[in-house]
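Colleague: From first to last, the protein sequence lines stand for chains A and B.
Add 382 to a position in the first sequence, counting from 1, and you land on the number used in our numbering.
Mapping of the second sequence onto our numbering: position 83 corresponds to residue 73, and the numbering continues sequentially without gaps.
Beta carbons are placed, not taken as given, at the ideal position from N, Cα and C, and that holds for glycine.
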Amino acid sequence: MRKSYVKNNIKPNEFDALIRITVEMSKYLYPYIREILKSKENFEENSVIWNDFNKRFIELIKERFNMDSMRVKKLLNQTENDEVIVKYLLALSFCISNQGYQKLKNFLYDF
Amino acid sequence: MQNKLSFHQSSVSLEIIGLPDYSNNENKDQISIISQWKLTIFDKPLIEGKIEHLVPIMNAFYIYSNLLIKNEIPLFESKLIDIKADNLYIHNIVLKSSKPNVKPLIIKIGNSLLSDTINCFDQLNESPKVRIKKLDVPNNISKKLRFGLNKKVKLFNIIFPPFIAICSLILFSSSFIYFYNPFENINKNELINPE
């Protein structure tokens, strides 16, 4: 999915390390993740945070991902990507405990 | 005197009240015999109950949150609690009383409050000061899958090297078929000119 001409498969220890980093980052960013989720719940009253996040999410995908891929195109589809983004944010917000690493790993196997 | 422990996460707090089990030589501040618990969600009615209600309610929240992430129908139903999704952002919790003629309590919470509640339960699960029947939360997703993945990797590592070795042997030896064999030619010539 990434914009790269080299196809490198991720090694298991690199995959584990990435999960650990993600869990630590989500612990740190939990208040922000929570506010983004809350903004989507009360979209009519407080849409600014969600719109900012969504805009930046799309910008980053356009910048770093392969736009020819169908999966990437789906991520950019405004009508479909709300559900995907909410699920990703929820998964991150459920994994901020000490056992978050194992939880996130299980979620990733199920995605 | 009863011990009181609180777990907080943003708009949700969970309070556990109980006593240590002195017969097990536990510390004064430990809670092993839970007499009461209270789950306070900001701007929502208070949820409280006995120990036998706490574990099923925690379980319900964990199962529901897993269903929500796993793209399955987010619906949990039991005698004590029902949780279902109104839409992707709002969840309906129906708490049924064990007493007759008491109407069920209906609470609507958003994703932010749902994640706060799950994190409060996680804190309780991980707390060394409270002893409850610990929930196997992170491992509740198919052991079969994890086992299957390990097995696949191991099987691949065992089968792949000899398979490559045999293939390369066949390829290498098959190239000899096309080489010129001088002995065969001498024998043929002898058969043609038997002098």
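Check the Cβ-Cβ distances between S475/A and every residue of chain B, and say whether any is below 9 Å.
Modeller: yes
Colleague: How would you list, in chain order, the residues of chain B whose beta-carbon sits under 7 Å from the beta-carbon of L472/A?
Modeller: Ordered by position in chain B, the residues that pass the 7 Å Cβ test against L472/A are L58, I59, N101, S105.
Colleague: Is the beta carbon of L472/A closer than 9 Å to that of L419/A?
Modeller: yes
Colleague: Under the three-state reduction of DSSP, which class applies to S88/B: helix, strand or coil?
Modeller: coil
Colleague: Looking at F435/A and I467/A, is the spacing between their C-beta atoms short of 9 Å?
Modeller: Contact: yes.
Colleague: On a CA-only basis, which of K40/B, L58/B, L78/B, V45/B is nearest N88/B? Give me that one, please.
Modeller: Here residue 88/B turns out to be Ser, not Asn, going by the sequence shown. Looking at the Cα atoms, K40/B is the closest of the given residues.
Colleague: For L78/B, which residues in chain A fall below 7 Å Cβ to Cβ?
Modeller: Residues of chain A passing the Cβ test: E465, V468.
Colleague: Exposed or buried, what is R495/A when buried is set at 16 or more other beta-carbons lying within 10 Å of its beta-carbon?
Modeller: Nothing about residue 495/A can be reported from this structure: the residues present for chain A run from 383 to 493 only.
Colleague: Given R402/A, which residues of its chain have a CB within under 7 Å of its CB, disregarding the five upstream and five downstream residues?
Modeller: Residues of the same chain with a CB within less than 7 Å of the CB of R402/A, apart from the 5 flanking positions on each side, are Y483 in chain order.
Colleague: Let's test the definition: count the other Cβ atoms within 10 Å of the Cβ of N56/B and tell me whether it reaches 16, buried, or not, exposed.
Modeller: buried
Colleague: Does the pairing of the region 76 to 86 of chain B with the region 95 to 111 of chain B give three or more beta-carbon distances under 8 Å?
Modeller: yes
Colleague: On a CA-only basis, which of M407/A, F397/A, R384/A is nearest C477/A? Give me that one, please.
Modeller: M407/A
Colleague: For L(-5)/B, count neighbouring C-beta atoms within 10 Å of its own C-beta (all shown protein chains included) and say buried if the count is 16 or more, exposed if not.
Modeller: buried
Colleague: Since N433/A meets chain B, which of its residues come closer than 7 Å, beta carbon to beta carbon?
Modeller: Under the 7 Å cutoff, chain B gives no residues; its nearest Cβ is about 15 Å from N433/A.
Colleague: Just verifying my parser: in three-state terms, what is the DSSP assignment at N129/B?
Modeller: With a pLDDT of 47 at N129/B, under the threshold of 50, the predicted position of this residue should be treated as unreliable, and no value is reported.
Colleague: At the level of alpha carbons, what is the spacing between S3/B and K385/A?
Modeller: Approximately 44 Å, taken between the alpha carbons.
Colleague: Runs of 4 residues minimum, wholly inside the region -9 to 24 of chain B: which ones carry the alpha helix (DSSP H) assignment?
Modeller: none
Colleague: For L78/B, which of helix, strand or coil comes out of DSSP?
Modeller: Residue state, collapsed to three classes: coil.
Colleague: For I478/A, go through chain B and note every residue whose CB falls closer than 7 Å to its CB, in chain order.
Modeller: Near I478/A (Cβ distances below 7 Å), the residues of chain B are N109.
Colleague: Using a Cβ-Cβ cut-off of 9 Å, state whether E427/A counts as contacting chain B.
Modeller: Not one chain B Cβ lies under 9 Å of E427/A.
Colleague: Taking only three categories from DSSP, how would you classify D398/A?
Modeller: helix
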